[in-house]
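Participant: Below you will find the structure I want to go over with you.
Protein chains: 2
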Amino acid sequence: MATSAPELSARAREIVQTARELLESEGPEALSMRRIAAALGIKAPSLYKHLADKQALEAALTSDAFDEISRVFADANDLAAIAAAYRGYATAHPHLYRLMTAGPLDRERLEPGVEDRAGAAIVAAVGGDEQRARAAWAFAHGMTILELDGRFPPGADLDAAWAAGIAAFDSG
Amino acid sequence: MATSAPELSARAREIVQTARELLESEGPEALSMRRIAAALGIKAPSLYKHLADKQALEAALTSDAFDEISRVFADANDLAAIAAAYRGYATAHPHLYRLMTAGPLDRERLEPGVEDRAGAAIVAAVGGDEQRARAAWAFAHGMTILELDGRFPPGADLDAAWAAGIAAFDSG
DNA sequence: GTCTATACCCGGATAGAC
DNA sequence: GTCTATCCGGGTATAGAC
Chain A
45 MATSAPELSA
55 RAREIVQTAR
65 ELLESEGPEA
75 LSMRRIAAAL
85 GIKAPSLYKH
95 LADKQALEAA
105 LTSDAFDEIS
115 RVFADANDLA
125 AIAAAYRGYA
135 TAHPHLYRLM
145 TAGPLDRERL
155 EPGVEDRAGA
165 AIVAAVGGDE
175 QRARAAWAFA
185 HGMTILELDG
195 RFPPGADLDA
205 AWAAGIAAFD
215 SG
Chain B
45 MATSAPELSA
55 RAREIVQTAR
65 ELLESEGPEA
75 LSMRRIAAAL
85 GIKAPSLYKH
95 LADKQALEAA
105 LTSDAFDEIS
115 RVFADANDLA
125 AIAAAYRGYA
135 TAHPHLYRLM
145 TAGPLDRERL
155 EPGVEDRAGA
165 AIVAAVGGDE
175 QRARAAWAFA
185 HGMTILELDG
195 RFPPGADLDA
205 AWAAGIAAFD
215 SG
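Chains as they are written, first to last, in our numbering: chain A, 45 to 216; chain B, 45 to 216.
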């Protein structure tokens with residue numbers, strides 16, 4: 045059976061918090077054990093007394109982000125509202141959003157349930173249909189990551205593109 | 045005015061081809077100048093006689109991929125067909141697809157027109173509406189990258205999720 | 001709990017000889 | 001057009017002293 049992430053000590057949580065501030069303010073290259081340690085005024089090897097390895101740190105950051113997204117979803121009842129919440133969270137925390145969505149998800153190291161809670165809010169917002177929920181999530185993630193990466197043509201009206209997609213899922 | 049990518053010499057094209065084979069068969073970690081050179085039986089510094097830097101190599105790979113996608117789109121007239129072509133190309137070339145879609149696009153180093161040609165096919169497939177085209181592209185990219193990264197729940201019926209999204213964009 | 005020292009890996013890129 | 005030698009940077013992680 046898969047064991048999940050161990051509880052973090054108070055000191056470990058400080059490290060995670062510092063790592064997050066670095067990530068959000070300076071981007072993913074800043075998320076190195078040396079840089080995090082330096083920001084705390086210690087040396088990199090000391091971190092390993094508190095966290096098993098870097099993956100544990102990333103899992104903690106990702107679990108936190110899932111939690112926060114679920115909270116942001118709480119007030120949203122329809123697709124337009126949840127899309128706005130999704131886009132708003134990602135735009136406010138672009139580097140964190142990329143960290144939590146890029147590449148495989150190390151589910152065994154996440155806090156149990158965080159992924160499902162975020163997903164359940166999307167399913168509810170589209171009226172309970174899982175297939176439509178997955179498609180709508182893909183739309184939202186696609187819009188978000190293409191927007192964050194500057195992939196749309198310069199000058200594209202992204203509000204209008206979001207609205208077009210939301211209209212499609214609302215009526216389809 | 046922005047100058048675009050210089051023509052590649054025949055030897056440079058050989059290097060790009062070798063790089064592509066490495067990328068597709070072994071993944072992005074294999075796309076290093078040392079590994080590419082080794083695969084060609086030469087040393088890494090020699091590559092710089094043929095290509096300015098690694099970005100030039102990546103731009104060539106990306107331009108080729110855009111070209112190929114445009115070609116795959118050529119036979120597709122409606123949204124379902126173009127979505128199937130998109131998904132099929134990405135699934136057949138996952139590492140290349142990630143390379144061409146992840147992060148910012150270095151437009152000045154691409155072959156001129158390759159991005160627009162691929163985009164135009166999507167616009168045509170949704171009937172000419174740019175906003176719907178962007179939303180549909182976001183849906184397709186989102187589905188694709190989440191699928192490639194194993195982000196959907198294990199056992200999720202992705203054919204059904206694709207169909208749900210296509211239906212939404214067809215009717216909405 | 002922190003330190004120093006270190007081991008090990010990797011990467012892109014340049015200078016100058018041949 | 002290729003080579004050797006080298007420079008620069010980076011990273012995760014461990015051992016063992018304090």
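Backbone N, C-alpha and C define an ideal beta-carbon position, used for all residues, glycine too.
(1) What residue ranges within the region 52-104 of chain A form continuous alpha helix (DSSP H) runs of no fewer than 4 residues, ordered along the chain?
(2) Here's the rule: buried if 16 or more other CB atoms are within 10 angstroms of the residue's CB, otherwise exposed. What is A:Thr106?
(3) Are A:Phe196 and A:Leu190 touching if we call contact CB-CB under 7 Å?
(4) Any C-beta of chain B sitting closer than 7 Å to the C-beta of A:Pro148?
(5) For the alpha helix (DSSP H) that contains B:Phe213, what are its first and last residues?
(6) Locate the alpha helix (DSSP H) running through A:Pro156, then write down its first and last residues.
(7) Taking the alpha-carbon positions, what's the A:Glu70 to A:Arg142 distance?
(8) Can you tell me where the alpha helix (DSSP H) holding A:Ala125 begins and where it ends?
(9) Cβ atoms of A:Val170 and A:Ala164: under 7 Å apart, would you say?
(10) Considering only C-alpha positions, which residue in the set A:Pro50, A:Ser114, A:Leu154 and A:Ala82 is nearest to A:Ala63?
(11) For the alpha helix (DSSP H) containing B:Ala182, list its first residue and its last residue.
(12) Quick one: which chain B residues come within Cβ less than 8 Å of A:Asp201?
(13) Note down the Cα distance separating A:Glu51 from A:Leu149, rounded to an integer number of angstroms.
(14) Considering only their Cβ atoms, is the gap separating A:Ala129 from B:Ala26 smaller than 7 Å?
(15) Just tell me which of A:Val60, A:Phe213, A:Gly194 and A:Pro156 has its CA closest to the CA of A:Lys98.
(16) Less than 7 Å separating the beta-carbons of B:Ala74 and B:Leu66?
(17) Alpha carbon to alpha carbon, how far is B:Ile210 from A:Asp214?
(18) With distances taken from CA atoms, which of A:Gly199, A:Gly172 and A:Ala134 is nearest A:Gly186?
(19) For A:Leu190, go through chain B and note every residue whose CB falls closer than 9 Å to its CB, in chain order.
(20) So, helix, strand or coil for B:Arg195, using DSSP?
(21) With distance defined between alpha-carbon atoms, name the residue in A:Ala54, A:Ser53, A:Val167 and A:Glu174 nearest to A:Asn121.
(22) What separation, rounded to the nearest whole angstrom, lies between the Cα atoms of B:Pro72 and B:His139?
(23) Along the region 95-126 of chain B, where does the CB come closer than 7 Å to a CB of chain A? Name the residues.
(24) Since B:Val158 contacts B:Asp111 with CB under 8 Å, what's their CB separation in whole angstroms?
(25) Restricting to Cα atoms, I'd like to know which of B:Leu202, B:Glu174 and B:Ala104 is closest to B:Glu152.
(26) Does B:Asp119 come out as helix, strand or coil in the three-state DSSP assignment?
(27) Taking the Cβ atom as the reference point for each residue, do A:Ala136 and A:Leu95 lie within a distance shorter than 7 Å?
(28) Buried or exposed: where does A:Ile86 fall if 16 or more other Cβ atoms within 10 Å of its Cβ makes it buried?
(29) For chain B, is any of its Cβ atoms less than 7 Å away from the one on A:Ala205?
(30) Which residues in the same chain have their Cβ closer than 8 Å to the Cβ of B:Leu154, if we skip the five residues on either side of it in sequence?
(31) Quick check on B:Arg131: buried or exposed, where buried means 16 or more other Cβ atoms within 10 Å of its Cβ?
(32) Alpha carbon to alpha carbon, how far is A:Ile126 from B:Arg78? Give it in angstroms, no decimals.
(33) Once DSSP output is grouped into helix, strand and coil, what is the label at B:Val170?
(34) Reducing DSSP to helix, strand and coil, say where A:Gly163 ends up.
(35) Taking its Cβ as the centre, do 16 or more other Cβ atoms sit within 10 Å of B:Ala88, making it buried, or is it exposed?
(36) Skipping 5 residues on each side, what residues in its chain have a beta carbon closer than 6 Å to that of B:Val116?
Facilitator: So, to answer that:
(1) Runs of the alpha helix (DSSP H) inside the region 52-104 of chain A: 54-70, 77-84 and 88-91.
(2) The residue labelled residue 106 of chain A in the question sits at position 62 within the first sequence. It is buried - the Cβ of A:Thr106 has at least 16 other Cβ atoms within 10 Å.
(3) Looking up residue 196 of chain A in the first sequence gives position 152. Looking up residue 190 of chain A in the first sequence gives position 146. Yes, they are a contact pair.
(4) The residue labelled residue 148 of chain A in the question sits at position 104 within the first sequence. By this cut-off, A:Pro148 is an interface position.
(5) Along the second sequence, read from residue 1 onward, the residue named residue 213 of chain B stands at position 169. Run containing B:Phe213: Leu202 to Ser215, per the alpha helix (DSSP H) assignment.
(6) The count along the first sequence starts at 1 and reaches residue 156 of chain A at position 112. Segment: none, A:Pro156 is in no alpha helix (DSSP H) and carries neither H nor E.
(7) Here residue 70 of chain A refers to the residue found at position 26 when the first sequence is read from its first residue. Here residue 142 of chain A refers to the residue found at position 98 when the first sequence is read from its first residue. A:Glu70 and A:Arg142 have their C-alpha atoms some 13 Å from each other.
(8) For the purposes of this step, residue 125 of chain A is identified with residue 81 of the first sequence, where counting begins at 1. Start and end: Leu123 to Ala136.
(9) Along the first sequence, one-based indexing puts residue 164 of chain A at 120. Along the first sequence, one-based indexing puts residue 170 of chain A at 126. It is not a contact, given that the beta carbons lie outside the stated cut-off.
(10) As a working note, residue 63 of chain A is residue 19 in the first sequence. Among A:Pro50, A:Ser114, A:Leu154 and A:Ala82, the Cα nearest to that of A:Ala63 belongs to A:Ala82.
(11) As a working mapping, residue 182 of chain B is identified with position 138 in the second sequence. Start and end: Glu174 to Leu192.
(12) Sequence index remark: in the first sequence, residue 201 of chain A carries index 157 (1-based). Simply Gln175.
(13) The residue labelled residue 51 of chain A in the question sits at position 7 within the first sequence. The residue labelled residue 149 of chain A in the question sits at position 105 within the first sequence. Cα to Cα, the separation comes out at about 19 Å.
(14) What the structure shows of chain B is the stretch from 45 to 216, and residue 26 of chain B is not part of that stretch, so it cannot be assessed.
(15) Here the question's residue 98 of chain A lines up with position 54 in the first sequence. Comparing Cα positions, the closest option is A:Val60.
(16) As a first step, residue 74 of chain B must be located in the second sequence, where it is residue number 30. As a first step, residue 66 of chain B must be located in the second sequence, where it is residue number 22. Result yes, Cβ atoms of B:Ala74 and B:Leu66 sit closer than 7 Å.
(17) Translated into the one-based positions of the second sequence, residue 210 of chain B becomes position 166. Translated into the one-based positions of the first sequence, residue 214 of chain A becomes position 170. Their backbone Cα atoms lie some 13 Å apart in a straight line.
(18) Taking the first residue of the first sequence as position 1, residue 186 of chain A is located at position 142. Selected option, being the one with the closest Cα: A:Ala134.
(19) Here residue 190 of chain A refers to the residue found at position 146 when the first sequence is read from its first residue. By Cβ distance, chain B contributes Thr145, Arg178, Trp181, Ala182, His185 and Gly186.
(20) Against the second sequence, residue 195 of chain B aligns to sequence position 151. In this structure, B:Arg195 counts as coil in the three-state DSSP scheme.
(21) Counting from 1 along the first sequence, the entry for residue 121 of chain A is found at position 77. Taking only the C-alpha atoms, the option nearest A:Asn121 is A:Val167.
(22) Locating residue 72 of chain B in the second sequence gives position 28, where the first residue counts as 1. Locating residue 139 of chain B in the second sequence gives position 95, where the first residue counts as 1. Rounded to the nearest angstrom, the gap between the Cα atoms of B:Pro72 and B:His139 is 7 Å.
(23) Listed in chain order, the positions of the region 95-126 of chain B with a beta carbon within less than 7 Å of a beta carbon of chain A would be empty, since no residue qualifies.
(24) Here residue 158 of chain B refers to the residue found at position 114 when the second sequence is read from its first residue. Here residue 111 of chain B refers to the residue found at position 67 when the second sequence is read from its first residue. Right, their Cβ atoms sit about 6 Å apart.
(25) Stepping through the second sequence from its first residue, residue 152 of chain B is reached at position 108. The shortest C-alpha separation from B:Glu152 is found at B:Ala104.
(26) The sequence position of residue 119 of chain B within the second sequence is 75, counting from 1. Note: B:Asp119 maps to coil in three-state DSSP.
(27) To locate residue 136 of chain A, count along the first sequence from 1; it is residue 92. To locate residue 95 of chain A, count along the first sequence from 1; it is residue 51. Not in contact: A:Ala136 and A:Leu95 (Cβ atoms no closer than 7 Å).
(28) Taking the first sequence and counting its residues from 1, one reaches residue 86 of chain A at position 42. A:Ile86 is exposed by the Cβ-count criterion.
(29) Translated into positions along the first sequence, residue 205 of chain A becomes position 161. Interface residue, yes.
(30) Locating residue 154 of chain B in the second sequence gives position 110, where the first residue counts as 1. Contacts found: Ser48, Ala49, Ala103, Thr106, Ser107 and Phe110.
(31) The sequence position of residue 131 of chain B within the second sequence is 87, counting from 1. Buried: at least 16 other Cβ atoms inside 10 Å.
(32) Counted from its first residue, the second sequence places residue 78 of chain B at position 34. Counted from its first residue, the first sequence places residue 126 of chain A at position 82. Cα to Cα, the separation comes out at about 46 Å.
(33) For the purposes of this step, residue 170 of chain B is taken as the residue at position 126 of the second sequence. Here B:Val170 sits in coil by DSSP.
(34) In the first sequence, the residue the question calls residue 163 of chain A occupies position 119. Collapsing the DSSP output to three states places A:Gly163 in a helix.
(35) Taking the second sequence and counting its residues from 1, the one referred to as residue 88 of chain B is at position 44. By the 16-neighbour rule on beta-carbons within 10 angstroms, B:Ala88 is exposed.
(36) If you number the second sequence from 1, residue 116 of chain B lands on position 72. Residues Ala129 and Tyr133 of the same chain have their beta carbon placed closer than 6 Å to that of B:Val116, with the five preceding and five following residues left out of the count.
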